[in-house]
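Undergrad: Before I ask anything, let me first share the structure, which is written out below as structure tokens.
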Amino acid sequence: MLKKFILFIILAVFSISLIGSAYGEIQSAEEPAKIADETINRRSPFTFECDFCHSNGTAVNQKVPHSTTLVYHDKLVLQGEVGCFICHDFYERDKLKLLSGELVSFNESPKLCYQCHQKRYDTWLFGDHGKSITELYLGEDILSEISVEELEDRRYRCSDFRCHNPHNPRLYKVGLGIGYPLPPPMDPPEIVNFLNPGNDAPYTKAVVFTGKIFITILILAFLTSLVMIVNRNKWRPD
Amino acid sequence: MIYMDITRRNFLKLSGMSGAALLSGRTLTDVASNLPWNVEKVGKYYDDPAPVEGVHYAMAIDTQTCIGCRRCMYACIKENNIGRTSGIQYIRLLEMEESSFDLLHSNQYYTEAPKEDKWYLPAHCNQCNNPPCVQACPVKATWKQDDGVVIVDYDRCLGCRMCMINCPYWARKFNWIKPEVPEDEINPDVPIRPIGVVEKCTFCLHRTRKGLTTKCTEVCPVGARKFGNIADPDSEISYLLRTRRVTVLKEDLGTEPQVYYVG
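Protein chains in written order, with our numbering: chain A, 12 to 249; chain B, 12 to 274.
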């Protein structure tokens, strides 16, 4: 009996450790991928270091340049080829190329976007498109101290703040992060109903209680009136 | 004998409450706790800035950019000291079918957003220039101020809820239970409403009349909301309304809403 018990315990420990190790493997296999996806979604496009993969001049003009699928802007076509190099410079990978041939840094990306989206650019300059200067997350104290030029530097550019991914600028592709959208709205508490006293709120109970008393008083009054009607002859003086 | 100072307001409150108690289902205990001699008279002063001259506030909402994240809804609840258990929201987000304007069959309780084949419509008080809710009030507890904000006097409100019936935008909400606000989250600029009054969006007048924007405009991550003075032709919102296609909700009712939807 004791031997059987010990054997059972050993078997149980062994199986539990097996399951545990398998579970651990599954988790360790899945977690890094998830984290990587999140970091990609959260990272601003400016933090990609193009030089890391494409050293200057030695780059390749592949049809599918990245493992991630790029849509919209990478579908631009120039002379029959996929037009990565309409916006990117072939030799200097960390620079953007305007149609005029001028090279600009990634921080001046609005200049590049302006070439096609002029109306949007105008409204952005005016402050209507995107977050405007007055709507930035600044307290009242900072607003009085800071100069206008500094404020213009703080304004969100096209690809800042996860607004637009430059390769896929549609807004609903924006990674909102974990926990969004926030939970659905709560409805007001149920209106008190005599026929459906299922609500546990104290006022419901109180209303139901007063209602019961009211109804019992009504019934008593009705009964006494009945008795008086039945016995009406007895009340008459002879 | 107990001395009672029955002014006109108290008398109206009493008579209204005794009638409303039967209609609205409020208990006797609730009515008794709201009687004028039982209400705690707190001598707190709330900063109530007067409307600025030459200003008419309006809001424009870009429905192309709204992603339905509900950040504005919860920021508004915190900013305006709305009871967390009252089930009241000044802003509600409607998930609309693509290329339709069917407000009746919109979904408010979606859990996934943004979806590609849906669009999102934030709905709140439109601060109408011809407000039907003001006409409905029997005691003149609500009116339109000079800068375009329709406000409610919580002391004067009887809780008859006629304004809620007349409002075509479902903007007014009733305090069915006592608002519960956590003590560390109370905004000192806004009074906490008593039970049994109607409340609504005020365009954050405690902020906007001091030169700030509304809270919903500030927290919007995509900048879908624009708030400003349409009396000023150089303001952002005037430029927006001049250059984009604009619509309002239920235009045929003639309420002249001041919340414009830009598409």
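Where a beta carbon is used, it is the ideal one built from N, C-alpha and C, also for glycine. Remember, predicted model here, so these are calculated numbers, not experimental data.
Return the chain-ordered list of same chain residues with a C-beta closer than 8 Å to the C-beta of residue 121 of chain A, the five sequence neighbours on each side being excluded.
TA: 132, 135, 168 and 169
Undergrad: For residue 142 of chain A, decide whether its Cβ has a neighbour in chain B, counting only Cβ atoms nearer than 8 Å.
TA: yes
Undergrad: Starting from the beta carbon of residue 137 of chain A, find every residue of chain B whose beta carbon is closer than 7 Å, and list them in chain order.
TA: 247 and 250
Undergrad: Of all Cβ atoms in chain B, is any one closer than 8 Å to the Cβ of residue 229 of chain A?
TA: No - not a single Cβ of chain B is within 8 Å of the one on residue 229 of chain A.
Undergrad: Any C-beta of chain A within less than 8 Å: which residues of the segment 185-209 of chain B qualify?
TA: 185, 187 and 188
Undergrad: In its own chain, which residues sit with a C-beta less than 6 Å from the C-beta of residue 107 of chain B, not counting the 5 before and 5 after it?
TA: Excluding residues within five positions, the ones whose Cβ falls inside 6 Å are 117, 130 and 132.
Undergrad: Return yes when the Cβ of residue 266 of chain B is within less than 8 Å of the Cβ of residue 179 of chain B, no when it is not.
TA: yes
Undergrad: By Cβ distance below 6 Å, which residues in the same chain neighbour residue 114 of chain B in space, the five residues on each side in sequence not counted?
TA: none
Undergrad: Alpha carbon to alpha carbon, how far is residue 107 of chain A from residue 177 of chain A?
TA: 12 Å
Undergrad: Using CA coordinates, which residue listed in B/170, B/149, B/213 and B/88 is at the minimum distance from residue 2 of chain A?
TA: Residue 2 of chain A is absent from the model: chain A starts at 12 and stops at 249.
Undergrad: Within a Cβ cutoff of 6 Å, which residues of the same chain sit near residue 172 of chain B, ignoring the five residues on either side of it in sequence?
TA: Taking residue 172 of chain B as the centre and dropping the five residues before and after it, the same chain places the C-beta of 185 closer than 6 Å to its C-beta, in chain order.
Undergrad: Below 8 Å on the Cβ atoms is my guess for residue 181 of chain B versus residue 200 of chain A; work out the distance and round it to an integer in Å.
TA: Their Cβ separation, rounded to whole angstroms, is 17 Å, which puts residue 181 of chain B and residue 200 of chain A out of contact at 8 Å.
Undergrad: Opposite residue 153 of chain B in the DSSP bridges: which residues?
TA: B/163
Undergrad: Determine the burial state of residue 127 of chain A: buried for a count of at least 16 other Cβ atoms within 10 Å of its Cβ, exposed for fewer.
TA: exposed
Undergrad: DSSP three-state call for residue 62 of chain B: helix, strand or coil?
TA: coil
Undergrad: Which of the three DSSP states is assigned to residue 184 of chain B in this structure?
TA: In the three-state DSSP reduction, residue 184 of chain B falls in the strand class (E or B).
Undergrad: Of the residues that make up the segment 111-133 of chain B, which ones have a beta carbon closer than 8 Å to any beta carbon in chain A?
TA: 119, 120, 121, 122, 123, 124, 125, 126 and 127
Undergrad: Please decide whether residue 152 of chain A counts as near chain B, where near means a Cβ-Cβ distance under 8 Å.
TA: Here residue 152 of chain A scores only 45 on pLDDT, less than 50, and its place in the model is too uncertain to base an answer on.
Undergrad: How about residue 134 of chain A: is its C-beta nearer than 8 Å to some C-beta of chain B?
TA: Chain B, which has a Cβ nearer than 8 Å to the Cβ of residue 134 of chain A, makes this yes.
Undergrad: Anything in the segment 80-100 of chain B with a Cβ closer than 9 Å to a Cβ of chain A? List those residues in chain order, please.
TA: Cβ contacts with chain A come from 80, 81, 82, 84, 85, 95, 96, 97, 98, 99 and 100.
Undergrad: Return yes when the Cβ of residue 160 of chain B is within less than 8 Å of the Cβ of residue 214 of chain B, no when it is not.
TA: The answer is yes: Cβ separation under 8 Å.
Undergrad: So with CB distances below 7 Å, who are the chain B contacts of residue 124 of chain A?
TA: Those do not exist, as residue 124 of chain A stays about 16 Å from chain B at its closest Cβ, beyond 7 Å.
Undergrad: Cβ closer than 8 Å: which chain A residues qualify as neighbours of residue 103 of chain B?
TA: 196
Undergrad: From the beta carbon of residue 170 of chain B, is the nearest beta carbon of chain A less than 8 Å away?
TA: Not closer than 8 Å to any Cβ of chain A, the Cβ of residue 170 of chain B fails to qualify, so no.
Undergrad: Going by the beta-carbon positions, is the gap between residue 202 of chain B and residue 97 of chain B smaller than 8 Å?
TA: no
Undergrad: Tell me the DSSP secondary structure of residue 236 of chain B in three-state form.
TA: In this structure, residue 236 of chain B counts as strand in the three-state DSSP scheme.
Undergrad: The beta strand (DSSP E) that contains residue 252 of chain B, what's its start and end?
TA: Looking at the DSSP string, residue 252 of chain B is not in any beta strand (DSSP E); the run it does join, the alpha helix (DSSP H), is 247-254.
Undergrad: How big is the Cα-Cα spacing for residue 122 of chain B and residue 80 of chain B?
TA: 10 Å
Undergrad: Following the continuous alpha helix (DSSP H) through residue 90 of chain B, name the residue where it begins and the one where it ends.
TA: Unbroken alpha helix (DSSP H) run through residue 90 of chain B: 82-90.
Undergrad: What residue from B/229, B/64 and B/59 has the CA that sits closest to residue 158 of chain B's CA?
TA: B/64
Undergrad: Which residues in the same chain as residue 255 of chain B place their Cβ atom closer than 7 Å to its Cβ, once the five residues preceding and following it in sequence are excluded?
TA: Taken in chain order, the residues that qualify are 273.
Undergrad: Thinking C-alpha only, which one of B/105, B/166 and B/142 is nearest residue 206 of chain B?
TA: B/166
Undergrad: Tell me the rounded alpha-carbon separation between residue 109 of chain A and residue 175 of chain A.
TA: 19 Å
Undergrad: To the nearest angstrom, how far is it from the Cα of residue 220 of chain A to the Cα of residue 192 of chain B?
TA: 29 Å
Undergrad: List the endpoints of the continuous beta strand (DSSP E) containing residue 104 of chain B.
TA: 103-108
Undergrad: Quick one: residues in its chain with C-beta nearer than 6 Å to the C-beta of residue 82 of chain B, no 5 flanking neighbours on either side, listed in chain order?
TA: Correct list, in chain order: 230.
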